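Trainee:
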Amino acid sequence: MRSSRVDEVAEPESSSLKNIPVVIISSENVPSRINRCLEQGAEEFSLNPLRSSDLNKLKPHIIKTKSKDQNQEKRRDLRF
């Protein structure tokens, strides 16, 4: 059984969700919780309120996801 909601988000059971980068946005500035989220697979952890510099940290993850999606589409097209 999973121990917390963080586990459910950071380690999805469905293979279709594994390519989606997990970003935690929280108002809780608790170092142990932040470390746990990152250790369990979250790509980023940002504190509320978000600043523009926080959003800039997300760009590489968005680009990475888009390129993975495009590669998967190309592989599907090649199968047909």
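For the sequence shown, my numbering begins at -4 and goes up steadily by one.
We put the beta carbon where it would ideally sit given N, CA and C, even for glycine.
None of these values were measured; they are calculated from a predicted model.
#1: Of all the CB atoms in chain D, is at least one closer than 8 Å to the CB of residue 42?
#2: Note down, in chain order, each residue of its chain lying with its Cβ closer than 8 Å to the Cβ of residue 81, except the 5 sequence neighbours on either side.
#3: What residue range is occupied by the uninterrupted beta strand (DSSP E) comprising residue 19?
#4: Distance check for residue 53 and residue 47, CA to CA, integer angstroms please.
#5: List the endpoints of the continuous alpha helix (DSSP H) containing residue 34.
#6: What separation, rounded to the nearest whole angstrom, lies between the Cα atoms of residue 32 and residue 40?
#7: Does residue 25 pass the burial test, meaning 16 or more other C-beta atoms within 10 Å, or should it be called exposed?
Mentor: Per the coordinate set shown:
#1: Protein chains in the displayed structure number just one, and chain D is not present.
#2: The displayed coordinates of the chain run from -4 to 75. Any statement about residue 81 would go beyond what the structure contains.
#3: Taking the first residue of the sequence shown as 1, we reach residue 19 at position 24. Here the beta strand (DSSP E) through residue 19 covers 18 to 21.
#4: The residue labelled residue 47 in the question sits at position 52 within the sequence shown. The residue labelled residue 53 in the question sits at position 58 within the sequence shown. Rounded to whole angstroms, the separation of the alpha carbons of residue 53 and residue 47 is 10 Å.
#5: The residue labelled residue 34 in the question sits at position 39 within the sequence shown. Unbroken alpha helix (DSSP H) run through residue 34: 26 to 34.
#6: Walking along the sequence shown from the start, residue 32 turns up at place 37. Walking along the sequence shown from the start, residue 40 turns up at place 45. Using only the alpha carbons, I get a separation of about 8 Å.
#7: Translated into the one-based positions of the sequence shown, residue 25 becomes position 30. Counting Cβ neighbours within 10 Å, residue 25 comes out exposed, since fewer than 16 surround it.
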